[in-house]
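Below: one structure, written as structure tokens.
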Amino acid sequence: MISTSFEDRMLGEAADSFFRGWAAAMAGQAVNDGLLRTKWREMADLGWLGMLIDTDHGGTAYGVRGLGQIAEASGRHLVLTPLAHGAGLAAAILAAHPATPALSARMRSLAAGDNIYVAAPQAEAEYRIIPGAAGAPTYVLNGTIDAPDVTGIADEVIFEARPTGQGSDLAFCVPAQSSGVERRLQTMVDGSIRTTMLLHDVHVDRDAALGAPDASAPKLVALADIANVLSAAEMFGAAAETFDRTLAHLTDRRQFGVPIGSFQALQHRAAILACRIELARSCVIAGLDAVEARQESGAQLASLAVAISADVFRQVAKEAVQLHGGLGMTDEHAIGKYLKRSRVIDLAPGGIAFHRSRYARLTLA
Amino acid sequence: MRLPLPDDELVWGGRNAVFWHPDAKRWLHLMADKGWTAPQWPKEFGGAGLTAEEAEVLDEEMRRLDCRPPLKSFGLTMLGPILLQYGTEEQKRRYLPDIAAGRIRWCQGFSEPMAGSDLASVQTRAIHDEDTLVITGHKVWTSYAHKADWMYCLVRTAREAKPQDGMSFLLLDMSTPGIRVEPIQLISGRSIFCEVFFENVRVPAENVVGTPGEGWTVAKSLLRHERLSIARGAGQDRVELREVIDLIDGAASLPIGTSREALRDRAVTWMMEEHALRLLQQRVAVLAQDPEVDIPDGYTSILKYCRAKSNQERWDILLDATGPGSLALNDQNELSAIARNWLRARGNSIEGGTSEIQLNIIAKRMLGLPSRENSR
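Heads up: the sequence lines are chains A and B, in that order. Under the numbering used here, the first sequence has 282 at position 282, and the numbering climbs by one with no breaks. Under the numbering used here, the second sequence has 1101 at position 101, and the numbering climbs by one with no breaks.
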């Protein structure tokens, strides 16, 4: 658990049993879009999607820390969801803009789970404005979006584009099925699907832009740490579960007539992993708290949380396979899935290397 | 770069207290008068009777003003809490106010040549002679024994089947006849560590703290305080990333093939682990504030293990960052500050319970892994 408050603990326990059930229904598949849609609506009904949306727009305004508990539970059960970049970042960027009727409708739709929204901070896109029908401007978009996990299923993708000429950067919310959107899907080693979206002269109307080209708009990058800490919480959950399962194996598995966990060599390896799990837990808690409170240190702590949690997850997963012995190498056993996930999970927030150098830059600034 | 406060600028108090500056003495007296050397102890025993929250405010203000600690003392951090928990009224009244005011300086007599990690093998004997205990034996690694007024120690009062039984936790005056102290020279040079020899040293039996024969319980509780204070204390001479990077960038001569880029990367990786550890320390400190919560042994062991590791990596990096120059002896044949600290840091994973012992504690008490005896 990554919180000590009673409410958060209750939320974490509810989320844990929710994702346990979801994982069981997946029966070993990594992706099941139909099930994701059903479950996403259930999450909306539980009030989990609108935690960063105010009550006027169908949200619960519970905050980032609450979402963190849910992200941790999803990580524990290896359930891939658009939580970090959807209920987290997409909701945050919508809520940060002045509420036009179109924007309000999107917030309600996100909180209700009607449409799946995903925000992609890693985009290289440009927009230009051409006169449209009835004098309303039309935006023409081109570029590449390196989309986070499970963006393949998103109905609406939010990203930032810079103007071809004069003007300010703008955030756009574009239907994934728009004409001119090409999606390249790549199935990864853990079964997750990595999506690259190419925009070829995608025409969208005024409402697709979240702000106006002349106004100073909220920046996606300024909010990206919401997605970063949630990804870190997910990684921590996955690492903690990998460790718990390994500990159970050390206790249950007998060789030479004794539980293998009674051998000091293995005890020490488990204890070293326990140290690193606690370090990661502290980083994730501090990151969630700082981002929740909008502290200046939020960016540095979010990058710390991502880099440490990702590194700890990798280490724990490698050790887990070794400590499970031959069992850990079999496709049938779940522990190998955690190993595979440990290498892919940090791509969504941008990778360990990116966050390490971002941490250094922010610390030395 | 900030190095640890030099030992001669710390205020240890005691009968023969040495103050490096008159203001240090005034500072101690001002603070002790308010009970702020032991903020959370009851007022009647020289404390200020503050709650945990109030003590934290005091601590924060002192940090903000960059105040030096008025008094550094094993009495404050280790023996005091033990006396509050296990001491008789008479013992509390007799020792606690003197500790809070810095009038007695304490040392800790636990380790022996044959009782290091295996602390339960303590051989130093205490034989009853009416109301007196007669001590004979040999303690080692006793920090500041040559400067201490009193010692709290673990002595064997009976031979029992289990080595943990039959030990008592005893307080004794270091000026008692029959005690000989010899300082130990370390790989890092002169040290604060000593050997202490006892030959028929007569100590009043009323100086036993807790139940006679059950000193192991008292000592274990004290070791938890020791680990916690080791884990916390190391934060005081902290170094920031900027300082390490400046050292790396400014180093005049690095050996051929050394990449500054690789060194900087290593420094960043270390700093992130160090930052994570500081966050963990804060989290455990908050847990420890709650009197209802008994911090699991595992947490203090995790802090102790990680602190030693991080500290050692820190001095390894600084040694690499400053080049062969810091390995050279000066004209007086002395080690450089960095070399001395680097060598000294190797002891961090040995003192106060080795890293291996910490891993044992984590595995057994926190993770609940089975021990060999039970599994047969």
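The beta-carbon is built from N, C-alpha and C at its ideal position, and this holds for glycine as well.
In angstroms, rounded to a whole number, what distance separates the CA positions of V1181 (chain B) and G1013 (chain B)?
19 Å
How many Å lie between S1375 (chain B) and R254 (chain A) at the Cα?
Its pLDDT being 41, under 50, S1375 (chain B) is placed unreliably in this model, and the value from its coordinates should be taken loosely. Answer to the nearest angstrom: the Cα atoms are 10 Å apart.
Using only the alpha-carbon positions, how far apart do L1254 (chain B) and L1263 (chain B) sit?
11 Å
I think A232 (chain A) touches V306 (chain A), with their Cβ atoms under 8 Å apart; what is that distance to the nearest whole Å?
5 Å
Bridge partner(s) assigned by DSSP for P137 (chain A):
A:P131
Three-state secondary structure (DSSP) at V1283 (chain B)?
The identity of residue 1283 (chain B) in the sequence shown is Arg, whereas the question assumes Val. Three-state result, R1283 (chain B): helix.
Counting only beta-carbon atoms, is Q69 (chain A) nearer than 9 Å to chain B?
no
When you compare only the Cα positions, how much space is there between Q267 (chain A) and E319 (chain A)?
12 Å
Quick check on the burial criterion: 16 or more other C-beta atoms within 10 angstroms. Buried or exposed for F256 (chain A)?
exposed
Contact belief for V316 (chain A) with F243 (chain A) at Cβ below 8 Å, rounded distance in angstroms:
5 Å
Own chain partners of A217 (chain A) with C-beta closer than 8 Å, once the 5 adjacent residues on each side are dropped
H97, S168, D169, L170, A171, L210 and G211
Pull up the distance between the alpha-carbon of P137 (chain A) and that of L89 (chain A), whole angstroms please.
27 Å
Can you say whether L250 (chain A) is buried or exposed, counting buried as having 16 or more other CB atoms within 10 angstroms of its CB?
buried
Can you check which of these residues, B:R1346, B:Q1085, B:P1113 and B:S1371, is closest to D1197 (chain B) by C-alpha distance?
Contrary to the premise, residue 1197 (chain B) reads as Phe rather than Asp in this sequence. Comparing Cα-Cα distances from F1197 (chain B) to each of B:R1346, B:Q1085, B:P1113 and B:S1371, the minimum goes to B:P1113.
Helix or strand or just coil, what does DSSP make of N1374 (chain B)?
Any answer about N1374 (chain B) is weak, because its pLDDT of 47 lies below 50 and its placement is not dependable; what the coordinates show is given next. Note: N1374 (chain B) maps to helix in three-state DSSP.
With H, G and I counted as helix, E and B as strand and the rest as coil, what does DSSP make of D1007 (chain B)?
helix
If you measure between the beta carbons of V1244 (chain B) and L1327 (chain B), is that distance less than 9 Å?
no
How about M107 (chain A) and A147 (chain A): are their beta carbons less than 9 Å apart?
no
Under the rule that 16 or more other beta-carbon atoms within 10 Å means buried, what is I345 (chain A), buried or exposed?
buried
Can you tell me whether DSSP reads M1114 (chain B) as helix, strand or coil?
coil
Can you give me the start and stop residues for the alpha helix (DSSP H) that M1366 (chain B) sits inside?
Looking at the DSSP string, M1366 (chain B) is not in any alpha helix (DSSP H), and its letter there is neither H nor E.
Would DSSP call I1317 (chain B) helix, strand or coil?
helix
Within the same chain, show all residues whose beta-carbon is closer than 6 Å to that of I1127 (chain B), passing over the 5 residues directly before and after it, in chain order.
V1134
State the start and end residues of the unbroken alpha helix (DSSP H) segment that holds Q1091 (chain B).
E1089 to A1100
Given a threshold of 16 other Cβ atoms within 10 Å of its Cβ, counted over all protein chains shown, does K1304 (chain B) qualify as buried or as exposed?
buried
Inter-residue Cα distance where the pair is R1283 (chain B) and V284 (chain A)
12 Å
Among the candidates B:P1212, B:G1075, B:G1166 and B:G1109, whose CA atom is the shortest distance from the CA of D1131 (chain B)?
B:P1212
Is it a yes or a no for the stretch 116-135 of chain A touching the stretch 63-74 of chain A, going by three-plus beta-carbon pairs under 8 Å?
no
Pick out the complete beta strand (DSSP E) segments inside the stretch 1165-1235 of chain B, 3 residues or longer, and give them in chain order.
1167-1173, 1179-1186 and 1189-1204
In chain order, which alpha helix (DSSP H) runs of at least 4 residues are fully inside the stretch 1332-1361 of chain B?
1337-1345 and 1355-1361
According to the neighbour-count rule (16 or more other Cβ atoms, all chains shown, within 10 Å of its Cβ), is N1360 (chain B) buried or exposed?
buried
DSSP on G1013 (chain B), reduced to helix/strand/coil?
coil
With 16 as the cutoff for other CB atoms within 10 Å, does D1149 (chain B) come out buried or exposed?
buried
Looking only at DSSP bridge pairs, what is I158 (chain A) linked to?
A:A119 and A:C173
Under the three-state reduction of DSSP, which class applies to W1141 (chain B): helix, strand or coil?
strand
In angstroms, rounded to a whole number, what distance separates the CA positions of H57 (chain A) and D114 (chain A)?
13 Å
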